[in-house]
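Below is one structure; the comments refer to it alone.
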Amino acid sequence: MKRKQKRFLQMTLLFTAALIFLPDVGLWSLYKDKHLEKSAEPGEQQTLPLGMGDGQLFTWTDGLKRKDWHDYESIQKDAMRSGKGEHGKPYPLTEEDHDDSAYRENGFNIFVSNNIALERSLPDIRHPNCKHKVYLEKLPNTSIIIPFHNEGWTSLLRTIHSIINRTPDSLIAEIILVDDFSDREHLKEKLEEYMVRFAKVRIVRTKKREGLIRTRLLGASLARGEVLTFLDSHCEVNVNWLPPLLNQIALNHKTIVCPMIDVIDHNHFGYEAQAGDAMRGAFDWEMYYKRIPIPPELQRADPSDPFESPVMAGGLFAVNRKWFWELGGYDPGLEIWGGEQYEISFKVWMCGGGMFDVPCSRVGHIYRKYVPYKVPSGTSLARLFTFGWREDIRPGEPLHTRKFCFDAISHSSPVTLYDCHGMKGNQHWSYRKDKTLFHPVSNSCIDCNPAEKKIFMNRCDPLSETQQWMFEHINMTVLEKFNSKASS
Ligand code: UD2
Ligand code: MN
């Protein structure tokens, strides 16, 4: 073959190879776009093969452009880190480090917090599918609102550093630290001086102790971002945590979204998922927040997709700012701590919105050993609503905050009031359809002597007038289920 011909052939081959394999211009890119257009349902998130996300835009059949929001530079930097507590590993504790004095001020081990890096790395424990998800190219920006009351210095700083390092700057409108009348010295000028290095951080302070609900409200009232994102003051956000939250709100603004809340151990600061990981929020008769498994009929084909949750844990969520105020924000009458998560959750559902947990967004939170801060005297944290039916019987107001319960020890004993123990047993009562109050332990019913104004236990006799009681607001389904359980 002549030299010229050979060169020509070489060039042709090279050109063809380029056409096929170059990521942005070649046939490959044509194939890729077509493939994406075909396989994506409108509004659905798309899974991409590895390595396809570098700054490219993908157009969906809904006409919206999406991109890979991962910050690979920061991921790389995190991967290189080494030291105690890095990659979310437990800090190696000695006996002395465990001393109770380390916990007293914060409810978690501040010694350990002080000894691990403020910019420590975390393990990426998201579902593998999250690595390939793309989100809207145009996402709303957000004000990140962090209320704090006497927070530890390093736990607060680590919260901010993790946000700055793991959040695309263009998505942060501002970070508002709202001080709820703390008295610790490090939270005054020292904090202001430290935060000067972060252009987007603002510090505002309440004029008296308001509690976390009104403190969040103050932050929200000053916020200018399109979305409000609330976090506790002892969190560490994980890789690419924000885009999946904002994406869900961008698709429907009447949406509240929560990240998966991971556990930062209050002893050694090891980082891990909560037991059972993705679960739905619920509450019990005492209004205690609970997590329950996602029922089979609600399992999604892709477990990394957002799923609906009836109530949120409380502290970590994002919401469209205008919609938050349309919902009326929080009830400002709620004191210090607790209950606000039910109020906002119920309003979301009752006002035609929805609430989602987003598995591809993960944020670590230090669950304390005990509550370290003082609650002003006379403040009731339990003023809420209540349910009209339960297994024990408590006298007084219908809020069930009294701590005395009906108690009987035998089939003929008087009915006494005793501290509620919640262990059923002698305080376990059945409201029966025949209007008697049955006591499974003694196999007898509550009877009374109106003349002597006394109540006592007696052999059950549904025909006896003195054993007839008035029940209000009965849920027959629950009642029957309960009675059948009690008798079996
Ligand atoms: C959970 C929530 C929390 C909140 C609370 C009440 C999570 C992870 N945490 O308990 O966000 O919803 O339930 O329902 O979902 N704070 C103040 N003023 C106060 C008391 C607290 O500003 O008087 C701050 C505190 O510094 C923290 C936040 O409010 O940043 C939440 O308080 P917490 O951490 O004591 O509540 P937590 O996590 O036990
Ligand atoms: Mn907290």
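Plus 309 on top of the position in the sequence shown (first one is 1) and you've got the numbering used here.
Note that CB positions come from ideal geometry on N, CA and C, so glycine has one too.
- Could you say which of Tyr381, Phe420, Asp409 and Val443 lies nearest to Arg375 if we only look at CA atoms? Val443
- Message: I'd like to check one pair, Gly579 with Pro704: are the Cβ atoms closer than 8 Å?
- Response: no
- Comparing the CB of Gly647 with every heavy atom of ligand 1, is any distance shorter than 7 Å? yes
- Query: What separation, rounded to the nearest whole angstrom, lies between the Cα atoms of Pro432 and Gly624?
  - Reply: 22 Å
- Is it the case that the CB of Asp593 approaches a heavy atom of ligand 2 more closely than 7 Å? no
- Item | Unbroken alpha helix (DSSP H) run spanning Asp387, endpoints | Tyr381 to Met389
- Enumerate in chain order the residues of its own chain whose CB-to-CB distance from Leu526 is below 8 Å, with the five nearest sequence positions on each side excluded. Gly638, Tyr639 and Pro641
- Message: Helix, strand or coil for Met569? Go by DSSP, reduced to three states.
- Response: strand
- Message: Please identify the residue among Val787, Phe592, Arg523 and Val628 whose C-alpha is closest to the C-alpha of Glu535.
- Response: Val628
- Task: Please find out if some non-hydrogen atom of ligand 2 comes closer than 7 Å to the beta-carbon of His470.
- Result: no
- Item | Proximity to Glu789 [Cα-Cα], best of Arg741, Phe490 and Trp462 | Arg741
- Item | Gly637 beta carbon near ligand 4 (any heavy atom closer than 7 Å) | Absence of ligand 4 is noted for the structure shown, with ligand 1 and ligand 2 being the only ligands found.
- Message: I need the boundaries of the alpha helix (DSSP H) containing Asn474, first residue and last residue.
- Response: Trp462 to Arg475
- Note the first and the last residue of the continuous alpha helix (DSSP H) segment covering Ile453. Premise fails: Ile453 lies in the beta strand (DSSP E), Thr451 to Phe457, not in any alpha helix (DSSP H).
- Query: For the candidate residues Ile603, Lys712, Leu486 and Pro619, whose alpha-carbon lies nearest to that of Lys509?
  - Reply: Leu486
- Task: Could you work out which residue in Gly520, Arg429 and Tyr651 is closest to Ser464 when comparing CA atoms only?
- Result: Arg429
- Query: If you compare alpha carbons, which of Ser751, Lys712 and His674 is closest to Arg768?
  - Reply: Ser751
- Query: Of all the options Asp377, His577, Leu500 and Arg511, which has the alpha carbon lying nearest to the alpha carbon of Gly408?
  - Reply: Position check: residue 408 holds Asp in this sequence, whereas Gly was assumed. Looking at the Cα atoms, His577 is the closest of the given residues.
- Query: Does any heavy atom of ligand 2 sit closer than 7 Å to the C-beta of Asp541?
  - Reply: yes
- Query: Is the distance from the Cβ of Asn459 to the Cβ of Arg493 below 8 Å?
  - Reply: yes
- Item | Extent of the continuous beta strand (DSSP E) to which Met664 belongs | Gly663 to Ile675
- Message: Using 8 Å as the cut-off, can you tell me whether the segment 446 to 456 makes contact with the segment 551 to 570, which would need three or more C-beta pairs spanning the two stretches below that distance?
- Response: yes
- Item | CB contact flag (Ile603, Ala587, <8 Å) | yes
- Check each candidate in Thr468, Arg600, Thr451 and Phe507 and name the one with the smallest Cα separation from Lys554. Correcting the residue identity first, residue 554 is Leu in this sequence and not Lys. Checking every option, the nearest Cα to that of Leu554 belongs to Thr451.
- Message: ligand 1 and Glu460: does any heavy atom of the ligand fall closer than 7 Å to the residue's C-beta?
- Response: yes
- Cβ-heavy atom distance between Gly624 and ligand 2 below 7 Å? yes
- Does ligand 2 have a heavy atom nearer than 7 Å to the CB of His674? yes
- Endpoints, beta strand (DSSP E) assigned at Leu366: Leu366 to Thr368
- Between Gln777 and the rest of its own chain, which residues show a CB-CB distance below 6 Å, the 5 nearest in sequence each way excluded? Lys744
- Message: Going by the DSSP bridge assignment, what does Gly520 pair with across the sheet?
- Response: Ile645
- Item | Uninterrupted beta strand (DSSP E) stretches inside the segment 694 to 771 (no shorter than 3 residues) | 713 to 716, 725 to 728, 746 to 748, 753 to 758 and 763 to 767
- Query: Are the beta-carbon atoms belonging to Arg304 and Leu537 less than 8 Å from one another?
  - Reply: Because residue 304 is not part of the residues shown, which for the chain are 310 to 797, the question remains open.
- Query: How long is the line joining the alpha carbons of Thr725 and Val787, rounded to whole angstroms?
  - Reply: 27 Å
- Item | Local conformation of Glu482 per DSSP, three classes | Glu is not the amino acid found at residue 482; the sequence shown has Ala there. In this structure, Ala482 counts as strand in the three-state DSSP scheme.
- Is DSSP giving Ala508 helix, strand or coil here? coil
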